[in-house]
Amino acid sequence: LWDWAPHDIAICLDLLGEQPSKVNAKYTKEILDKESHKFNLNIMLEFKKKIISEINIGNLMECKKRVLKLNYQNQSYIFDPINYDFLLEEKNKLIKKITSKKNYSKCNFYDKPLYILLNEFICDINNSKFDIYDLKLGINVVIIIEIIEKILSKKSQEWFSNLIIYFLYILI
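With my numbering applied, the sequence shown covers 1 to 172.
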């Protein structure tokens with residue numbers, strides 16, 4: 001959960017600019033054995049105006065997939081960074097590429113994210129900027145993950161009981 005969910009949750013919070021009013025999570029697939037607990041997880045975040053974000057994560061999926069699709073009136077915007085390096089717009093069942101007019105020539109996309117973040121932090125301090133939006137976003141992501149853990153812990157108590165029964169069965 002802590003490895004897979006933070007980035008996807010942060011994207012949702014950043015795009016919508018608010019905390020969800022409702023959080024739910026459930027296992028969609030689980031494999032329990034004596035050495036590990038492998039699973040796929042479905043996370044539902046509900047925001048104001050009935051906006052719902054569905055996040056599916058886990059280590060039992062057949063292939064890596066990250067797709068963010070925003071539906072608005074009769075059109076959709078699709079962000080699929082694994083298969084495309086651009087944004088797609090879907091309107092009336094037609095899909096077209098959206099090109100950016102921004103100049104990214106100053107960025108080196110091969111830099112590690114931590115170095116980029118630290119460099120931005122140093123630049124902000126040098127320029128007397130003290131924007132803590134990213135810090136607040138990080139805290140809000142942690143709060144949501146803690147809620148998800150509490151939801152799942154009720155379900156994992158069953159898993160823990162089953163694991164103890166499994167160990168007792170092996171010992172007998």
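Here a beta-carbon is modelled for each residue, glycine too, at the ideal position from N, C-alpha and C.
- The C-alpha of Val23 lies about 32 Å from the C-alpha of Glu120.
- DSSP links Gly58 through a beta bridge to Asn40.
- Contact between Ile82 and Leu60 does not hold, since their C-beta atoms are separated by about 18 Å, which reaches or exceeds 8 Å.
- Residue pairing of Ile31 in beta bridges, as defined by DSSP: Lys38.
- For Ile132, there is no enclosing alpha helix (DSSP H), since its DSSP letter is neither H nor E.
- Shown here, Ser153 sits in a helix according to DSSP, grouped into three states.
- Around the beta carbon of Val67, fewer than 16 other beta carbons lie within 10 angstroms, which makes this residue exposed.
- Taken through DSSP and simplified to helix, strand or coil, Glu18 comes out as coil.
- Between Leu88 and Met44, the alpha-carbon positions lie close to 24 Å from each other.
- Collapsing the DSSP output to three states places Ile145 in a helix.
- Between Ser76 and Asp3, the alpha-carbon positions lie close to 28 Å from each other.
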